[in-house]
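Novice: My numbering applies: residue 8 is where the sequence shown begins, and numbers increase by one.
The C-beta atom is built at its ideal place from N, Cα and C for all residues, glycine as well.
Let me give you the structure first, and then I'll get to my questions.
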Amino acid sequence: MSDIYELMIAVDLRDELSEQELAELRWHLGIGPQPECLSIVTEFPFVVTDESGNPEIEDEPYPLLAGQGAAWRVGGLLCSELASAADLPRKGWSLTSRQEIHPDEFEKVGELLCWLAARTHESNLPGDSAVGIGSLRFYEAEVPDALQVKSGQVNWPT
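Shown next, in the form of C-alpha cells:
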C-alpha cells in the first residue's frame with residue numbers, strides 16, 4: 008500500500024518577487040541552486056540518533072517541488088517550470104509543477120503553497136477568500152480534487 012499523491016500546481020504570480028525570492032523558488036522547483044539564505048520555507052527539521060543513541064534534531068533543507076523524469080506511482084512525468092509572463096497583460100510569473108508527494112510532506116509543501124497563494128495574481132482568485140493553487144489526486148483515484156489555500160491553510164485531504 009502506498010500513500011502517494013499527484014500534486015499539480017498551476018498559478019500566476021504577481022510581478023513583485025525579489026531576486027532572493029525568485030532564486031529560492033527556482034531552487035524549490037529544481038531549476039536553480041540552493042541560495043545561502045532561505046526565507047520562504049526556513050526550517051527542515053528531522054530527528055536523527057547521535058552516537059550515544061539519543062535523538063537529535065538536525066536541519067537539512069531540500070527542494071520541495073524538484074522531482075524530474077518518470078513518475079514512480081502516478082504515471083507520466085514529474086516536472087516544474089517558472090516563466091516570466093512579462094509580455095502578457097497580467098505581468099508577473101507563471102508557475103507549473105507536477106509532483107508525487109507523500110502526506111508526510113504536506114506540512115512543508117503547504118508552507119510553500121501558502122507563500123505562493125499570498126503572491127498569486129488575481130486571475131487565480133475564484134471570488135471568495137480561497138486561492139486556487141492546483142489539484143491533488145490519490146494515485147489510485149481517477150479524478151483529482153481542487154487544491155485551495157484559504158486563511159493561510161491548504162485544504163489537504165483528511
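Under 8 Å, with one C-beta from each stretch per pair, do the segment 84 to 91 and the segment 27 to 43 reach the 3-pair mark?
Specialist: Touching, yes, given that three or more Cβ pairs across the two stretches are closer than 8 Å.
Novice: Considering only their Cβ atoms, is the gap separating D66 from E50 smaller than 8 Å?
Specialist: Cβ atoms of E50 and D66: closer than 8 Å.
Novice: Please state the DSSP three-state secondary structure of E63.
Specialist: Correct three-state label for E63: strand.
Novice: With three or more beta-carbon pairs closer than 8 Å as the criterion, would you say the segment 14 to 32 touches the segment 101 to 120?
Specialist: Yes, the segment 14 to 32 touches the segment 101 to 120.
Novice: Run the CB neighbour count on G82, radius 10 Å, all protein chains shown included, and call it buried at 16 or more, exposed below.
Specialist: Classification for G82: exposed.
Novice: Checking 8 Å against the spacing of the C-beta atoms, do L20 and L123 come in under that value?
Specialist: Contact: yes.
Novice: For a quick check, are the C-beta atoms of L24 and R97 less than 8 Å apart?
Specialist: No, the Cβ-Cβ distance between L24 and R97 is not below 8 Å.
Novice: What number of angstroms, rounded off, separates the C-alpha of E107 from the C-alpha of Q75?
Specialist: E107 and Q75: Cα-Cα distance of roughly 10 Å.
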